[in-house]
Amino acid sequence: MTSPFREVLERTLTHALTYLEHLHDTPVGPTASLAELRQRLGGRLPQAGIEAAQVIDELVADAAGGIVGSASGRFFGWVIGGSLPAALAADWLTAAWDQNAARYTGGAAVAVIEEVCGVWLKEILGLPAAASFALVTGSQMAHVTCLAAARQALLARRGWDAERDGLTGAPRFRVLTSAQHHGSLERAIRLLGFGTRSLLELPADEQGRLLPTALSQALAEQPDSPTIVVLQAGDLNIGAFDPFAELIPLAHRFNAWVHIDGAFGLWAQASPSYRHLLAGVDQADSWVTDGHKWLNTPYDCGYAFVADADAHRSAMAQQASYVVHTEGVRDPSDWNPEWSRRGRGVATYAALRQLGRDGVADLVDRCCRHARTLVTRIGRLPGAEVVWEPQINQGLVRFLDGRPDATETQHDLRTDAVIAGIAATGEAFFSGTTWRGRRCMRVSVCNWQTSEHDVARAVAAVANVLEQG
Ligand SMILES: Cc1ncc(COP(=O)(O)O)c(C=O)c1O
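Below, the structure is given as C-alpha cells:
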C-alpha cells in the first residue's frame, strides 16, 4: 500500500531545500504586495478538497515573494535568529510524531527530552540547578509564567491565596523596571491583572543600566507593597545589561521578587568573553529567554525558569479527573500555561546537541563580532553615523540629511528613507527604532548563517543606497 504521506513529504523536502539553498540569491525582504498575496492565497473556502501534494505545490507558488528572508544571514532586523539544520529537522519530526506533550502519558520521550533540556539550559545559562522551568511559546508567555509564580509567592507571604481568591481586595502590586523594558512585559502585567498602572519606569545611566539609587528610592517609598523588579539582560536597542550583582541584593533587602528579561541577552552567559555582563544574575527569582532568537531554533521555543519551584507549580498546575498521573515523572503541564501542547523541547534538544557548549559560545562570539564590523563599517560611510557601538550583538547607526542646516527631524526622515532603500535592494534587511528621541537603524546579528561575506554584501548595499543620495 502506498503511504498517503510519501509524495507530499518528499515534495515538501524539495520545496524546503529549494528555498533554503537559494537564500543567498533571493531578496531578503518580501517582493509580493499585500494585494497580490491576498488575491493568490484567498478566495472562497473550497467546497471540495484536493490532493495533499497539490495543496503544498500551490501553497509554495502562492506564497512566493511573501516569505520574509529571516532565515538568511543577511537579515539584521529586530532580534530574529534562523534555524539550525538539526533544530529545523527536529521540528519537522515533532510535527510528524504529533505528540501531546502536556503529560508524560501523551508523549513519554518528548517529556524526557524537555526534562533534559531544562537541565542543559540551566547549565549553559548559568542558572541555579534547582530552579524549575517551563518550555513555552516565547518570552512573552515565559514572562506570564514567571510573573504568575511571583504573584503567587508575594501574596502567599501576605497571607493571601491568589490562586483561590484572585486579586480583588488583594494588596496592589508594583512593577519596577527601566524604560528599556520590552512591550511583552506590559502585556504580561495586563494578563496577570496587575494593570499597567502598576508599572513604574525608573531612570537608567548613559549605558542603559537601571540606576541603583533610583531603585533604592522606589523600593523604600512603599516597602510593604508586593513588588516585582524586572531587570534587563540585553535590551532590544543596545543590548544593555543591568548591574545585577548590585541591584538584586538591593531588591531582596525589600523582599521584592526579581525577574530577568534575557530574551536574547541571557545567551551571553554561554561565552567566556561576554559572561562578565551577567555577573550576579543567578541570584534572581525568575528568568526568561528564547531559543528562537540566539540559539537559532525555529519559533515556539521560549523558556521560563523560577527559583521557587513550589510557587511556580502552584501557579500553573491544574488537575482533572481524566488526567493520568505517573509517579516520578515530570509532566510539562504542571509547569506550563497550556493544556494540549506540541513537543517543543525536541528542537531545543537538537540545537543544543548540534552546537554543544563550544558551538553556542562560538555562535555568540561570531554574532557579536559581525555586529561590531557592520556598525563600524557602516558608520564610516559618508552620511552615516555610529549611534551605539555594539557591546554584544546589537548596535545603532543613523543617516544624516546632507543639508548644512538640516534639523533632527530631517535626519530622522533620512534615516527611515535609507532603511527603506536598503530593504528595496533585497541585499540586506535592517529595522528602525526611535532611541533617545532619534530615529536609528538597528543592527542586530542573531543568525548562525551570517558570514563575513554577508557582512560585506550588507555594507556594500548600504553604501550604494547612500551614494544614490
Ligand atoms: C528583550 C525582549 N524581551 C521579550 C521579547 C519577547 O519575546 P517573544 O517574541 O519570544 O515573546 C523580545 C523580543 O521579541 C525581546 O527582545
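Using the working numbering, count along the sequence shown one by one with no gaps and you end on 639. Yeah, the Cβ is synthetic: ideal placement off N, Cα and C, and Gly gets one too. Predicted, not measured: the structure shown is a model, and the values here were computed from it.
Residue nearest to residue i in terms of C-alpha spacing, selected from the options
| i | options | result |
| --- | --- | --- |
| A481 | A440, V635, Y473 and W427 | W427 |
| A223 | G235, P200, T264 and S173 | S173 |
| S395 | D405, F364 and A410 | F364 |
| T595 | N563, G565, V629 and V613 | V629 |
| G378 | Q350, I548 and A388 | Q350 |
| T579 | L325, G251, V556 and C610 | C610 |
| A438 | L465, R423, V306 and A415 | L465 |
| V534 | E221, G251 and R208 | G251 |
| D335 | R344, V345, Q322 and T347 | Q322 |
| E333 | T397, T184, A318 and V345 | A318 |
| I359 | E376, L337 and R608 | L337 |
| L583 | R608, D575, P574 and E597 | R608 |
| V306 | R483, R344 and W505 | W505 |
| L589 | F245, D331 and Q488 | First, the amino acid is wrong: residue 589 is Ile here, not Leu. Cα-wise, what sits closest to I589 is F245. |
| A257 | S368, G513, E356 and S203 | G513 |
| S368 | E376, E356 and D375 | E356 |
| A576 | G553, V557 and L183 | G553 |
| E221 | L179, D528 and L401 | L179 |
| I548 | W267, A301, A587 and V632 | V632 |
| A299 | R527, R536 and D452 | D452 |
| E376 | F411, H352 and T366 | F411 |
Own chain, CB closer than 6 angstroms to residue i, minus 5 neighbours either side, in chain order
| i | result |
| --- | --- |
| A454 | I418, V428 and I430 |
| C287 | G515, T518 and Y519 |
| C538 | I562 and N563 |
| V249 | F434, K463, S614 and C616 |
| L522 | W290 |
| L361 | V314 |
| A531 | A440 and S441 |
| D571 | Q580, H581 and R584 |
Residues near residue i by beta carbon distance below 8 angstroms, same chain, minus five either side
| i | result |
| --- | --- |
| P200 | G235, G236, I237 and V238 |
| L263 | V516 |
| R627 | R244, E597 and A598 |
| I283 | G513, G515, V516 and Y519 |
Beta-carbon proximity list for residue i, same chain, < 7 angstroms, skipping 5 on both sides
| i | result |
| --- | --- |
| M311 | G472 and P507 |
| R181 | A223, I226 and D227 |
| S354 | S309, Q310 and H313 |
| S253 | A241, N466, T467 and P468 |
| G409 | G435, P560, Q561, I562, N563 and Q564 |
| E177 | A223 |
Buried or exposed (CB count within 10 angstroms, at least 16 for buried), residue i
| i | result |
| --- | --- |
| F175 | exposed |
| R606 | exposed |
| W642 | There is simply no residue 642 to check, as the chain begins at 171 and stops at 639 in what is shown. |
| M486 | buried |
| A218 | exposed |
| A281 | buried |
| Q638 | exposed |
| N407 | buried |
| I592 | buried |
| P560 | buried |
| Q209 | exposed |
| Q269 | buried |
| S491 | exposed |
| P216 | exposed |
| V494 | exposed |
| P413 | buried |
| T604 | exposed |
| R214 | exposed |
| L324 | buried |
Pair within 8 angstroms by beta-carbon distance, residue i and residue j
| i | j | result |
| --- | --- | --- |
| G432 | A403 | yes |
| R511 | A271 | yes |
| P393 | A384 | no |
| V198 | F599 | yes |
| V625 | T543 | yes |
| A415 | V399 | no |
| Q524 | G243 | no |
| M479 | S456 | One detail in the question is off: residue 479 reads as Ala in this sequence, not Met. For A479 and S456, no; Cβs fall outside 8 angstroms. |
| L636 | L566 | no |
| L370 | S348 | no |
| F424 | T459 | no |
| A388 | L346 | yes |
| V230 | H185 | yes |
| D232 | L211 | yes |
| S601 | G247 | yes |
| A320 | W330 | no |
| S203 | R483 | no |
Between the stretch 431-451 and the stretch 289-297, do three or more beta carbon pairs fall short of 8 angstroms?
With a cut-off of 8 angstroms, the stretch 289-297 and the stretch 431-451 count as touching, because enough Cβ pairs lie within range.
Note to self: Under 8 angstroms, with one C-beta from each stretch per pair, do the stretch 493-501 and the stretch 273-281 reach the 3-pair mark?
What the structure shows: yes
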